[in-house]
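Trainee:
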Amino acid sequence: MATYRDLLAQVKTEIDEISSIEAHERLESSDGSIFVDVREPDEWDEGHIPTGRGRLEQRIEGLVPDKGRALVVYCSAGSRSAFSAKVLEELGYSNVVNLAGGFSDWKRNGFEVTIPRVLSPEQRARYSRHLLIPEVGEEGQQRLLDARVLLVGAGGLGSPASLYLAAAGVGTLGIIDADVVDESNLQRQVVHSTDRLGEAKVESAKRTLEALNPDVRVVPYQERLTSENVDHILSEGWDVIVDGADNFPTRYLVNDASVWHGIPVVHGSIFRFEGQVTLFHPGVGPCYRCLFPQPPPPELAPSCAEGGVLGVLPGIIGSIQANETLKHILHRGDSLAGRLLLFDALGTTLDEVIVRRNPECPVCGDSPTITEYIDYVEFCNAPVHL
Ligand SMILES: [Zn+2]
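Numbering (this note's numbering), first residue to last: 5 to 390.
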């Protein structure tokens, strides 16, 4: 009976082989050769020839339907791939070569290798439901882990948004909020809890979010966003801002700063039973001032005393903000830029209004008239903590 060594020697006489140097020349000349790595996934993860990944005879016919296509098959030392090359020939591939010496010889020659960043086994388990969706997958999950999202407000909208962003593995969450947790917040601000009463909201949120997911780092800013600190905070490298501000001065400040810093803002607002969400994406769609050039006069702004809200409403709107943020990070789906979603909790209806950039917008228009921050006065002494 033939030994493995005999079989390998036999197969080697029946296939063509090339050296690492010849394989490298093929790669450099982009001659169309496809490199087929027949090693195990963990071997691939530890380093591979910098080409697309093609593996397994069972999948090859789907991946490479053209049976005349040049294939370079490799494993770690050139033996496993010799058998694979033989199988590929039997499958009808006419231009197959085995890489003699395999990946080891490739590395010995000092040729370039790609060492992909990989998720840890704990991360594979935690994000398994993301890894199962092709639109997210491992690459998307790495994007989420690398992403930096700044949340304005750790209140009604910031609570669900931050919880879902943290759970999804968004690696860095900045949170700006000057307030402390009050009993009247807990009806809707689900990132906080009764044992946090009197604690700074940013610290309470940090504890909850980092306990939910150790991959997440929360950067707390226990301060009110003002014209004094906005440039400093926004220049710390944020991919997107989630605006859950509960007052007009902050909303306008976030808008103007985001236009000047070129950072997209996922905007949300709520009042009683109604909520709104959109994406203000500088250079792509309108900004907040394209819709509302100036704040309403104080007498027309909703009275703070009447600023009630159904507890679940910020949960719905903040979750849509989280959804929009994840889509933006993943570069997936249709963005909300130029579309204002209107949710009515009593009718349970969702309407959409098309909104366009206003060429006469005082901030993002063709001839801006506002070029410096404006600190609008607060409309009431006791702001509503939406
Ligand atoms: Zn504008």
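Beta carbons: idealized from backbone N, C-alpha and C, even for Gly.
Whose CA, out of R228, S24, N327 and K16, lies closest to the CA of H271?
Mentor: N327
Trainee: Let me have the residue list for ligand 1: C-beta closer than 5 Å to any non-hydrogen atom, ordered along the chain.
Mentor: C291, R293, C294, C365 and C368
Trainee: Does the stretch 114-127 come into contact with the stretch 81-92, if we say contact requires no fewer than three beta-carbon pairs (one atom in each stretch) closer than 8 Å?
Mentor: no
Trainee: For a test of the three-state rule: what should DSSP assign to A261, helix, strand or coil?
Mentor: In the structure shown, A261 sits in a helix (DSSP, three-state: H, G or I).
Trainee: Assign T373 to buried or exposed, taking buried as 16 or more other Cβ atoms, counted over all protein chains shown, within 10 Å of its Cβ.
Mentor: exposed
Trainee: Report yes or no: do three or more beta-carbon pairs, one from the stretch 170-185 and one from the stretch 194-210, lie closer than 8 Å?
Mentor: yes
Trainee: Do H265 and L238 come within 9 Å of each other at the CB atom, strictly closer than that value?
Mentor: In this structure, H265 lies closer than 9 Å to L238 by Cβ.
Trainee: Out of curiosity, what's the CA-to-CA distance linking A309 and N251?
Mentor: Note that A309 scores 46 on pLDDT, short of 50, meaning its location in the model is unreliable; the coordinates nonetheless yield the value given after this. C-alpha separation (whole angstroms): 13 Å.
Trainee: Jot down the residue ranges of each uninterrupted beta strand (DSSP E) in the stretch 42-85, minimum 3 residues, whole runs only, in chain order.
Mentor: 75-78
Trainee: Under 8 Å Cβ to Cβ from S24, same chain only, skipping five residues before and after it: list those, please.
Mentor: Hits under 8 Å: L103, A104, G105, D109, W110, R112, N113 and F115.
Trainee: Quick one: Cα of L350 to Cα of P45, how far?
Mentor: The straight-line gap from Cα to Cα measures roughly 52 Å.
Trainee: Hey, how far is the Cα of E376 from the Cα of R152?
Mentor: 26 Å
Trainee: Need the endpoints of the alpha helix (DSSP H) that G322 sits in, please.
Mentor: L317 to L334
Trainee: Under DSSP, the beta strand (DSSP E) around T353 begins and ends at which residues?
Mentor: T353 to I358
Trainee: Could you tell me which of T55, L95, V222 and D49 sits nearest to G66, measuring between CA atoms?
Mentor: L95
Trainee: What number of angstroms, rounded off, separates the C-alpha of V359 from the C-alpha of D70?
Mentor: 48 Å
Trainee: Going by DSSP in three states, A27 sits in which element: helix, strand or coil?
Mentor: helix
Trainee: Rounded to whole angstroms, what is the Cα-Cα separation between H134 and E143?
Mentor: 10 Å
Trainee: Ends of the alpha helix (DSSP H) at Y377?
Mentor: Careful: Y377 lies outside any alpha helix (DSSP H) and carries neither H nor E.
Trainee: Classify V388: buried if its beta carbon has 16 or more other beta carbons within 10 angstroms, exposed otherwise.
Mentor: Any reading at V388 needs caution, since the residue's pLDDT is 42, under 50, leaving its predicted position unreliable; the model's value is listed next. When all chains shown are included, V388 counts as buried.
Trainee: Have a look at A341 and C291 and give me their C-alpha separation to the nearest angstrom.
Mentor: Rounded to the nearest whole angstrom, the C-alpha separation of A341 and C291 is 9 Å.
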